[in-house]
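When we follow UniProt numbering, the leftmost residue of the sequence shown carries the number 1, and every step to the right adds one. Encoded as structure tokens, the structure appears first; notes follow it.
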Amino acid sequence: MYANYNIATGWSNATVISDGFGGVYWNNDTSWDPAIAVDSSDTVHVVWWDRTDGPWGTDTEIMYASYNIATGWSNATVISDGFGGEYWNDGDSNIPAIAVDSSNTVHVVW
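Structure, rendered in structure tokens:
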């Protein structure tokens, strides 16, 4: 998954955001169906589904990353598996949707 943004001087270079889970570069397959939301602090929130081998297995998982002008892109995070350090989701997760409410709380469904 790549992202870039338009600044006053033009478009930024494309940045890979679907890699770097926990600081380890692991994305060896496909990323699909990104969804985006922006909160009132102008932080960009992105979710997508990804079929990549990891500690969660080889099924598809929902990934999340965010962009803040001060800090740049966060590492991609698996949000559909790994609750409490346990990998429990043995099925595919796909087609996420995202929204940010008036309190800047991010909501993701799939």
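Glycine included, each C-beta is placed from N, C-alpha and C at the ideal position.
According to the DSSP secondary-structure assignment, N68 is paired through a beta bridge with G72. Membership of T30 in the beta strand (DSSP E) is indicated by the continuous run T30 to V38. Just so you know, the alpha carbons of S74 and H45 end up roughly 10 Å apart. If you look at W48, you'll find it in the beta strand (DSSP E) that goes V44 to R51.
With respect to D33, N104 sits apart: the two C-beta atoms are not nearer than 9 Å. The Cβ neighbour count for D42, taken over all protein chains shown within 10 Å, is under 16; the residue is labelled exposed. Note on geometry: alpha-carbon atoms of V106 and A99 lie some 6 Å from one another.
Here the alpha carbon of A14 sits roughly 27 Å from the alpha carbon of V109.
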